[in-house]
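A short write-up of the structure that comes next.
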Amino acid sequence: MIAASPPTDQRARALGVLRMSLTARCNLACPYCCPDTADPPGMLSLEEQVRLIRVAANLGAHTLRLTGGEPLLSERLLPLLERVAMGRRTSGDPLQGLRQVALTTNGVLLTQERAKALRSVGLERITVSLDAVEGAVVARMAGLRGGGRAGDRLVGQVLAGLAAARSAGFDPAEGALKLNAVIQRGVNDDQLIPLAELARQHRLELRLIEYMDVGNRNGWAMEHVLPAAVMIDRIHRHWPLSPLGRSSGATARRWRYRDGLASIGVIASISEPFCGDCNRLRITADGQAYTCLFASQGTDLKPALASEHELEGAIRALWQRRADRYSEEGRVAAHTEPHAEMAYLGG
Ligand code: SAM
Ligand code: SF4
């Protein structure tokens with residue numbers, strides 16, 4: 047493939063991050079996300095996924111994040127990572143442009159064996175999601191039947207997954223292991239301090255995510271959003287923080303604990319939108335491309351998937367057309383058209 051000049055969109059934003067959803071299915075059923083129980087028809091093949099990643103890398107994507115649904119449910123995960131690792135080792139392959147390969151998971155299936163296997167095929171970062179510490183709240187947030195006991199069991203699985211990742215070499219001190227938590231006002235905001243405490247104990251960066259208006263199924267309402275500023279104020283009163291800011295193209299605004307134990311970040315898509323430097327392209331498991339989490343329509347890449355040349359043309363064209371800044375325009379609250387579901391978009 048000939049090295050391409052990276053495109054910019056209508057707001058001078060370059061492509062930087064490719065988020066690829068490997069499945070719309072999940073082994074949990076978080077009510078704020080509402081994943082599917084079956085995958086849609088027309089799932090991408092391994093070859094098509096590799097082609098997509100290679101073309102995106104050729105157009106400037108430096109980060110690949112594999113997500114879902116729950117990506118550890120996908121049998122494709124390891125073979126795909128192997129192919130990406132092979133390309134990154136091959137001189138002249140556009141995959142050499144990838145600086146980081148990452149995974150977002152709920153951690154349930156992150157056994158020691160799996161964590162080691164992921165590490166050995168070149169995965170560099172893992173973000174594990176957990177929205178509470180207290181069993182009953184965990185169960186509510188994950189859509190588990192069985193109340194507190196089921197929630198406690200899930201916390202045990204996630205902690206074991208974190209330990210497995212750490213011992214496989216995903217080092218939190220290097221940013222290779224992080225914790226995500228969606229916070230919903232009145233649902234799990236009492237878990238802010240326990241979650242921060244847990245993350246501090248494990249020296250993990252915790253990322254507090256504002257509840258987002260993604261999809262049509264979760265009954266999102268503004269009153270369930272706890273603004274990031276309120277979250278950070280509560281944490282700061284407990285453990286003083288110093289700001290680190292937000293890097294260009296990043297989703298999280300970060301702070302460090304003044305006692306030096308860890309750092310913490312917020313993803314404030316609702317209260318402090320960061321559309322201005324958004325560099326993310328999202329691909330669903332069935333080959334739809336979205337440049338925004340809040341978009342109602344994607345672009346079907348399937349007709350272009352047979353050749354790298356056509357695919358490059360299709361992605362370049364969609365990126366150059368891109369003008370969205372839904373969050374900044376307050377389209378989030380309007381919610382007039384159907385949206386794509388989170389498990390397809392992958393967060
Ligand atoms: N199953 C994996 C997991 O939970 O980490 C990966 C897919 S999940 C869709 C990716 C991220 O999106 C998770 O951290 C999840 O908490 C977050 N998420 C899902 N729905 C959300 C919503 N409505 N608002 C904010 N974050 C959401
Ligand atoms: Fe599954 Fe992740 Fe969605 Fe929860 S947020 S239902 S773990 S895909």
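Sequential numbering of the sequence shown, starting at 47, is according to my numbering.
All residues carry an ideal CB built from backbone N, CA and C; glycine is no exception.
Nearest-angstrom Cα separation, counted from residue j out to residue i
i: E374; j: T337; result: 14 Å
i: S317; j: I239; result: 21 Å
i: C72; j: D85; result: 10 Å
i: V260; j: R195; result: 29 Å
i: A206; j: L156; result: 8 Å
i: L119; j: P77; result: 19 Å
i: D55; j: A103; result: 16 Å
i: G115; j: Y390; result: 7 Å
i: D305; j: L98; result: 44 Å
i: C321; j: Y372; result: 8 Å
i: L339; j: S353; result: 27 Å
i: G62; j: H282; result: 32 Å
i: I361; j: E243; result: 43 Å
i: A296; j: P117; result: 22 Å
i: R253; j: R231; result: 16 Å
i: L200; j: A363; result: 43 Å
i: L287; j: E121; result: 41 Å
i: L225; j: W266; result: 23 Å
i: M388; j: P319; result: 18 Å
i: T83; j: A70; result: 8 Å
Distance CB(residue i)-CB(residue j) smaller than 8 Å
i: L110; j: V147; result: yes
i: A308; j: L223; result: no
i: R134; j: Q142; result: yes
i: G106; j: P52; result: yes
i: Q237; j: E180; result: yes
i: A298; j: I278; result: no
i: V183; j: A131; result: no
i: L357; j: V96; result: no
i: T113; j: S67; result: yes
i: G393; j: T150; result: yes
i: R57; j: H108; result: no
Boundaries (first-last residue) of the alpha helix (DSSP H) holding residue i
i: E94; result: L92 to N104
i: Q203; result: G193 to S213
i: M187; result: G181 to A188
i: M66; result: Careful: M66 lies outside any alpha helix (DSSP H), inside the beta strand (DSSP E) at V63 to S67.
i: Y390; result: M388 to L391
i: A242; result: L238 to Q247
i: V147; result: It is not in any alpha helix (DSSP H) - V147 instead sits in the beta strand (DSSP E) that spans Q146 to T151.
Cβ-based burial, residue i [other Cβ within 10 Å; buried from 16]
i: L92; result: exposed
i: D370; result: buried
i: Q366; result: exposed
i: H284; result: exposed
i: A386; result: buried
i: P218; result: buried
i: A335; result: buried
i: G344; result: buried
i: S213; result: exposed
i: G376; result: exposed
Residue i: first and last residue of the uninterrupted beta strand (DSSP E) it sits in
i: L112; result: T109 to T113
i: W301; result: R299 to Y303
i: M268; result: Neither: M268 is in no beta strand (DSSP E) and is coded neither H nor E.
i: I172; result: R171 to S175
i: R328; result: R326 to I329
i: L225; result: L223 to I229
Heavy atom of the ligand FMN within 7 Å of residue i beta-carbon
i: T69; result: Absence of the ligand FMN from the depicted structure is noted, with the ligand SAM and the ligand SF4 being the only ligands included.
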